Structures are given as C-alpha cells and as structure tokens.
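Down below is the structure, laid out as structure tokens.
Below, the structure written as structure tokens:
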C-alpha cells in the first residue's frame, strides 16, 4: 500500500503533556554514555544557570517519536511500520529540555515523496512547554522501503 | 568543567575523538531508555527474518552517543544548539564482540560575532561511514 500523499501539509493537535523527570534524563544519559554531570547533578546544572538537570541533545526524540506515532499509527496514512527505516534526524534547540518541563508537541507532515519504489516522509515536531515556551524543533525523515 | 571560549577556537581544529563500544546489552539499555523497542535492535532471529545481516544499533543510539565528543569539548551539553545527521549505513552488532563506532570531529565554521561553531563529525564502523552530513552547532562563550 502506498503512502497517502494527501497527508503532506497536515498538522496534528498538540500531544498530551510529557513530564520531563530527573530519573528519565539520567537513564537516557547513561544509555548514550553522556558523562556531563549537568544531566544528573542539580547543583552542577543550577551552577551553569539552568533551572534543573538538562537532557542530552538527542533526548527530544523521545517526545518527537510520540508525535510521529500519530501519523505512523493512522491507517489512512498507509505507512507499513515493518518497512520503515530512519533516514535523517535533526534537532534545533531553543533551550535545553530541563527536568520539570511539561512538554507538548505539535506534529506537521512537511513532505511525502515517492522515489525509486520507496516513500520518504519528513515530519516536524515543534516541542514547547505547556506555557508556550519553544524548546526544540525536531525534524525526521523516514524511508518506507517498497515491497519486493 | 569550563565552557570553551570562541576566541580560543579556530576553523580546522580537531576535537578529541573517541571509540564508542556497542554490545547487545548497550542496545537493550538504549531501547528501554528511549522507548524504541523495535526488535531489529535486540532480537537476532527477528532482524534476520526482515533481511538484515544481524542485529543493528538504533540510528538514534549512534547519533546520541557520538555527540558526546562535541558536548565534552564545549564544556556543557546544553551548548549543543543544533544537531543533525543522515543515517547512511547501519551499525551491525554481532553477539560476539559487539561493534566499535569511531568518532572524529573538526570545526568547520566559526562566527566570532555570534560565538557559534559548526562541528562536523565523521562516524565510521569497520571503516565504513555510518552517518552522513553529521553537523553540530555549538554556542560558545
């Protein structure tokens, strides 16, 4: 089944708030080998001017993936998840994601393209606090491999 | 750890590189932490059934682990303000011995006015580039 090109330009409603916690930041930092104490020690973080411990640069993917799930799980979109490969990922941080943040994401489907039997879908998740402060723009391109 | 100053940086400067060693256990840990539980990253039988040579690392694990080179050089992980990569080749992680990801990085651009440096990462596994266009922008002091 082909990816539905009508989804290009579609914007979804904000995701339910994701509460960023110290424990999840620590767990993620350990999993990627991020050794900067700013991820685990609140006194280091506040000493550098942050409100609390901050997340590593790619932590935002956790929340962006929840945004993308709205599209991927939509049967109308025609995306076969078993054929999905991650092609490209980009983060532009407006400020570091910080423990205590309540984060909502708004997903927009920037483009849907077909090339060489494969489909490429580029999505953009605008992450912000529930108070409206911009945190991160996460852009992702997935490739849906064509059938044999 | 002091924050690196723009005036102490030059285009062409090489950052200290590193080797990131990956085992199956590393991927299971990342799967739990990131909530990306796709079995191609931990179940060899499943990975092979969908045409992969073996279990492969999460692209996001590779992206997330190699940026430590940039964070540590900057002196604060919060100074990495932009970061983007293309996933060009998978990192295959065999049961025996795991895999080694080699990371090198160099300053490609520097703006003394905004104190922002663009750092290009070269990331290989078994001599093959696994990330393309890997670029991080760092806000320096």
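Chains as they are written, first to last, in the working numbering: chain R, 1 to 148; chain V, 1 to 141. Don't be surprised by glycine CBs; every beta carbon is placed ideally from N, CA and C. Model, not experiment: these values are computed from the prediction.
Whose Cβ in chain R lies nearer than 9 Å to the Cβ of residue i?
i: residue 35(V); result: 62, 65 and 66
Could you tell me which residues DSSP pairs with residue i in its beta bridges?
i: residue 93(R); result: 136(R)
i: residue 183(R); result: Nothing in the structure corresponds to residue 183(R), since chain R is present only between 1 and 148.
i: residue 125(R); result: 107(R) and 138(R)
Which chain V residues are close to residue i, counting only those with a beta carbon under 7 Å from its beta carbon?
i: residue 33(R); result: 20, 65 and 68
i: residue 50(R); result: 78
i: residue 27(R); result: 33
Residues of chain V with CB under 8 Å from residue i, in chain order?
i: residue 91(R); result: 82, 83 and 84
i: residue 16(R); result: Under the 8 Å cutoff, chain V gives no residues; its nearest Cβ is about 15 Å from residue 16(R).
i: residue 96(R); result: 77 and 78
In whole angstroms, what separates the C-alpha of residue i from that of residue j?
i: residue 132(R); j: residue 92(R); result: 17 Å
i: residue 26(R); j: residue 40(R); result: 6 Å
i: residue 45(R); j: residue 52(R); result: 6 Å
i: residue 59(R); j: residue 116(R); result: 33 Å
i: residue 111(R); j: residue 144(R); result: 13 Å
i: residue 98(V); j: residue 46(V); result: 18 Å
i: residue 14(V); j: residue 21(V); result: 21 Å
i: residue 122(V); j: residue 70(V); result: 12 Å
i: residue 33(R); j: residue 79(R); result: 33 Å
Output yes if chain R places a C-beta closer than 8 Å to the C-beta of residue i; else output no.
i: residue 77(V); result: yes
i: residue 103(V); result: no
i: residue 107(V); result: no
i: residue 119(V); result: no
i: residue 97(V); result: no
Going by DSSP in three states, residue i sits in which element: helix, strand or coil?
i: residue 58(V); result: coil
i: residue 85(V); result: strand
i: residue 13(V); result: coil
i: residue 101(V); result: strand
i: residue 137(V); result: strand
i: residue 26(V); result: helix
i: residue 2(V); result: coil
i: residue 35(V); result: coil
i: residue 19(V); result: strand
Residue i touches chain R at which residues, Cβ-Cβ below 8 Å?
i: residue 71(V); result: 34, 36, 56 and 57
i: residue 29(V); result: 30 and 31
i: residue 87(V); result: 85, 86, 87, 88 and 89
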